[in-house]
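Number of protein chains: 2
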Amino acid sequence: MKKPIGIFDSGIGGLTVAREIMKCMPREDIVYFGDTARVPYGTKSPNTVIKFSIENMLFLLRFRVKIIVVACNTSSSYSLSILENDFKVPVIGVINPGVEEAVKVTRRGRIGVIGTSATIRSGAYEKAIKEINPALKVFSQACPLFVPLAEEGWLKDRVTYDIAKRYLGSLKAKGVDTLILGCTHYPLLKDIISKVMGRRVPLVDSAKLVAGHVKELLTREGLLSDNKAAPRYAFYVSDEPKKFAVSGKKFLGEKIRSVKKVNGYV
Amino acid sequence: MKKPIGIFDSGIGGLTVAREIMKCMPREDIVYFGDTARVPYGTKSPNTVIKFSIENMLFLLRFRVKIIVVACNTSSSYSLSILENDFKVPVIGVINPGVEEAVKVTRRGRIGVIGTSATIRSGAYEKAIKEINPALKVFSQACPLFVPLAEEGWLKDRVTYDIAKRYLGSLKAKGVDTLILGCTHYPLLKDIISKVMGRRVPLVDSAKLVAGHVKELLTREGLLSDNKAAPRYAFYVSDEPKKFAVSGKKFLGEKIRSVKKVNGYV
Numbered sequence: 060m061k062k063p064i065g066i067f068d069s070g071i072g073g074l075t076v077a078r079e080i081m082k083c084m085p086r087e088d089i090v091y092f093g094d095t096a097r098v099p100y101g102t103k104s105p106n107t108v109i110k111f112s113i114e115n116m117l118f119l120l121r122f123r124v125k126i127i128v129v130a131c132n133t134s135s136s137y138s139l140s141i142l143e144n145d146f147k148v149p150v151i152g153v154i155n156p157g158v159e160e161a162v163k164v165t166r167r168g169r170i171g172v173i174g175t176s177a178t179i180r181s182g183a184y185e186k187a188i189k190e191i192n193p194a195l196k197v198f199s200q201a202c203p204l205f206v207p208l209a210e211e212g213w214l215k216d217r218v219t220y221d222i223a224k225r226y227l228g229s230l231k232a233k234g235v236d237t238l239i240l241g242c243t244h245y246p247l248l249k250d251i252i253s254k255v256m257g258r259r260v261p262l263v264d265s266a267k268l269v270a271g272h273v274k275e276l277l278t279r280e281g282l283l284s285d286n287k288a289a290p291r292y293a294f295y296v297s298d299e300p301k302k303f304a305v306s307g308k309k310f311l312g313e314k315i316r317s318v319k320k321v322n323g324y325v
Numbered sequence: 060m061k062k063p064i065g066i067f068d069s070g071i072g073g074l075t076v077a078r079e080i081m082k083c084m085p086r087e088d089i090v091y092f093g094d095t096a097r098v099p100y101g102t103k104s105p106n107t108v109i110k111f112s113i114e115n116m117l118f119l120l121r122f123r124v125k126i127i128v129v130a131c132n133t134s135s136s137y138s139l140s141i142l143e144n145d146f147k148v149p150v151i152g153v154i155n156p157g158v159e160e161a162v163k164v165t166r167r168g169r170i171g172v173i174g175t176s177a178t179i180r181s182g183a184y185e186k187a188i189k190e191i192n193p194a195l196k197v198f199s200q201a202c203p204l205f206v207p208l209a210e211e212g213w214l215k216d217r218v219t220y221d222i223a224k225r226y227l228g229s230l231k232a233k234g235v236d237t238l239i240l241g242c243t244h245y246p247l248l249k250d251i252i253s254k255v256m257g258r259r260v261p262l263v264d265s266a267k268l269v270a271g272h273v274k275e276l277l278t279r280e281g282l283l284s285d286n287k288a289a290p291r292y293a294f295y296v297s298d299e300p301k302k303f304a305v306s307g308k309k310f311l312g313e314k315i316r317s318v319k320k321v322n323g324y325v
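Residue numbers (the numbering used here), protein chains in the order written: chain A, 60 to 325; chain B, 60 to 325.
What follows is the structure, encoded as structure tokens:
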């Protein structure tokens with residue numbers, strides 16, 4: 060089916076999810092929307108996050124997308140059930156894929172979750188984990204400085220290490236054996252997070268897992284593309300396209316060609 | 060004159076300006092708008108900052124304000140001249156008051172400016188300083204982590220000190236003798252900034268100076284209030300009011316009573 064996959068995020072972080080979808084389904088067209096004028100979502104209230112998420116979804120629906128991927132943990136935490144309930148198009152978020160993986164790999168049933176303040180406050184990860192297995196222990200920690208640190212590019216710095224030690228200290232003390240990176244920016248800080256948590260604590264990065272879920276759903280519904288030509292990728296943002304193209308490169312792993320700015324997109 | 064003073068900011072930082080205006084002109088009614096749904100502005104592009112600033116101004120104009128105070132450095136940097144040109148109501152920003160003070164107190168003509176990425180990129184401070192005295196040297200440094208650190212409340216922490224040392228090192232090396240705090244959040248980090256820069260480098264915090272400018276303008280134009288009753292303060296935000304009331308307290312220095320959320324405010 061020739062319709063594109065729609066992906067939205069509060070900004071550039073969701074490009075890590077787009078990247079894995081491109082790798083996993085190289086024939087699919089993709090329309091990506093990053094709400095760079097209103098980023099971040101992780102410090103905002105539930106109602107605002109829900110409102111923005113619905114607006115982003117409405118924008119993507121204009122492209123007759125066959126599936127919507129909510130590539131933002133904060134959006135997924137607060138708006139996924141609403142989007143699933145209210146819209147016809149299938150919607151996949153980033154919470155469940157990460158949770159399923161964590162539940163699989165945990166050895167002693169002690170799962171840690173890190174994310175933005177809003178994601179952690181929502182309790183979405185904890186709820187999803189307990190739904191699979193109520194006996195599992197979940198320990199959560201908001202890490203509000205991780206996104207600005209990742210955007211500053213201080214990926215291997217002493218200062219970032221000190222901050223990570225401070226945020227992750229309590230999780231480590233609680234004997235967490237698996238850590239979910241509940242924000243699309245955090246994989247950039249993987250080295251430091253792993254150094255603090257210890258090499259034996261696997262870090263669950265949901266980008267790849269989300270791509271697997273998308274493929275599975277499209278296959279099941281007979282919606283996979285049989286496109287023979289090169290896939291078309293379109294990127295839209297609510298703020299300046301140039302900055303997105305430049306800083307997005309390290310998230311997407313390749314050059315971002317066409318980025319367009321959207322005005323009054325709902 | 061009974062009309063209120065209108066103040067807007069990208070979020071809560073502008074409350075430091077509101078606080079000084081309250082102290083300096085205790086008879087004036089105030090309407091404050093904080094664009095907490097779209098905060099921060101300091102990472103956004105000029106066009107987006109200008110658009111948001113105009114929208115905020117249009118919202119405040121509904122209250123028939125007699126003056127508009129742009130209490131956000133990023134907004135002031137990009138939109139002040141447009142707002143001044145296009146609207147009838149007098150507009151005061153936070154750049155010029157700080158600049159006038161810095162030019163007064165500098166001993167060796169080496170002025171440092173710190174602010175958000177957008178403020179520093181705009182060159183607004185440098186331009187304003189050079190207009191007064193082209194012989195003055197200006198050294199600028201964006202400090203993107205200062206706002207998240209201030210909001211995290213790490214005001215006296217080792218980590219904040221290390222980050223400040225890193226940001227301010229080059230300014231110190233250049234022999235800056237006066238430092239403009241070009242963001243309303245930075246006064247919260249005054250102790251640490253001062254520790255890094257040395258006690259002999261005065262820090263220019265424009266909040267008080269802006270209040271002085273407002274009073275001067277209102278006096279000159281015969282617009283001061285002769286209100287005998289207690290002044291009325293109204294606070295509006297675009298995101299959740301509760302969070303604003305709680306975290307705003309440390310910026311305003313007193314309890315924030317009535318905060319209302321505005322929907323689709325333009």
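Beta carbons: idealized from backbone N, C-alpha and C, even for Gly.
Ala-96/B reaches chain A at Arg-97, Lys-103, Ser-104, Thr-107, Lys-110, Phe-111, counting residues in chain order whose Cβ is nearer than 9 Å.
Proximity of Ile-239/A to chain B, defined by a Cβ-Cβ separation below 8 Å, is not satisfied. As for any beta strand (DSSP E) of minimum length 3 sitting wholly inside the segment 196 to 271 of chain B, the runs are 196 to 201, 237 to 241, 262 to 264, ordered along the chain. Inter-residue distance for Cys-242/B and Thr-102/B is about 13 Å (C-alpha atoms, whole angstroms). In terms of Cα proximity to Pro-99/A, the closest of Met-84/A, Asp-68/A, Ile-252/A is Asp-68/A. Between Ile-127/B and Val-148/B a beta carbon distance of about 6 Å is seen, short of the 8 Å cut, so the two are scored as contacting.
With respect to chain A, the C-beta atom of Ile-222/B has a partner C-beta closer than 8 Å.
Residues Ile-222 of the same chain have their beta carbon placed closer than 6 Å to that of Leu-204/B, with the five preceding and five following residues left out of the count. Separation of Ala-161/A and Leu-238/A (C-alpha to C-alpha, rounded to the nearest whole angstrom) is 8 Å.
Bounds of the beta strand (DSSP E) holding Val-296/A are 292 to 296. Listed along the chain, the chain B residues whose CB falls inside 9 Å of the CB of Glu-211/A are Pro-203, Leu-204. Ranking Arg-78/A, Ser-199/A, Val-263/A, Met-84/A by CA distance to the CA of Tyr-91/A puts Arg-78/A first. Against Val-321/B, chain A offers no close residue; the least beta-carbon distance is about 12 Å (beta-carbon pairs closer than 7 Å). As the crow flies, the alpha-carbon of Ile-151/B is around 18 Å from that of Ile-191/B. For Asp-68/B, the nearest beta carbon of chain A is not closer than 8 Å to its own beta carbon.
The beta-carbon of Pro-63/A is placed no less than 8 Å from the nearest beta-carbon of chain B. Residue burial annotation: Thr-278/B is exposed, with fewer than 16 other C-beta atoms found within 10 angstroms of its C-beta. Using a CB distance below 7 Å, the part of the segment 289 to 315 of chain A facing chain B consists of Asp-298, Glu-299, Lys-302, ordered along the chain.
Under DSSP, the beta-bridge partners assigned to Gly-174/B are Ala-201/B, Gly-241/B. According to the DSSP assignment, Tyr-100/A belongs to no beta strand (DSSP E), since it is labelled neither H nor E. DSSP places Ile-151/B within a strand segment (E or B) once states are collapsed to three. Around the beta carbon of Ala-288/B, fewer than 16 other beta carbons lie within 10 angstroms, which makes this residue exposed. For Val-305/B, the enclosing alpha helix (DSSP H) covers residues 300 to 311. Residue environment: Ser-317/B is assigned as exposed (fewer than 16 neighbouring CB atoms within 10 Å of its CB, all protein chains considered). Thr-75/B places its beta carbon 8 Å or farther from that of Thr-133/B. Within chain A, the residues whose beta carbon sits less than 7 Å from that of Pro-207/B are Pro-203, Leu-204, Pro-207, listed in sequence order. If you draw a 10 Å sphere on the C-beta of Ser-136/B, you find 16 or more other C-beta atoms in it, and that means buried.
With a threshold of 16 other beta carbon atoms within 10 Å, Glu-87/A meets it and is buried.
By the beta-carbon neighbour count (other beta carbons within 10 angstroms, threshold 16), Leu-311/B is buried. In this structure, Ser-138/B sits near Val-108/B, with a CB-CB distance shorter than 8 Å. In terms of CA proximity to Val-153/B, Ala-266/B leads the group Asn-286/B, Ala-266/B, Tyr-292/B.
In the structure shown, Phe-67/A falls within a strand segment according to DSSP collapsed to helix, strand and coil.
Ile-251/B is the residue among Ile-251/B, Thr-95/B, Ile-188/B, Cys-202/B whose C-alpha sits nearest the C-alpha of Asp-216/B. Here DSSP, grouped into helix, strand and coil, assigns Arg-180/B to helix.
With a threshold of 16 other beta carbon atoms within 10 Å, Ala-232/B falls short and is exposed. Within the segment 250 to 269 of chain B, no residue has a Cβ lying closer than 7 Å to any Cβ of chain A.
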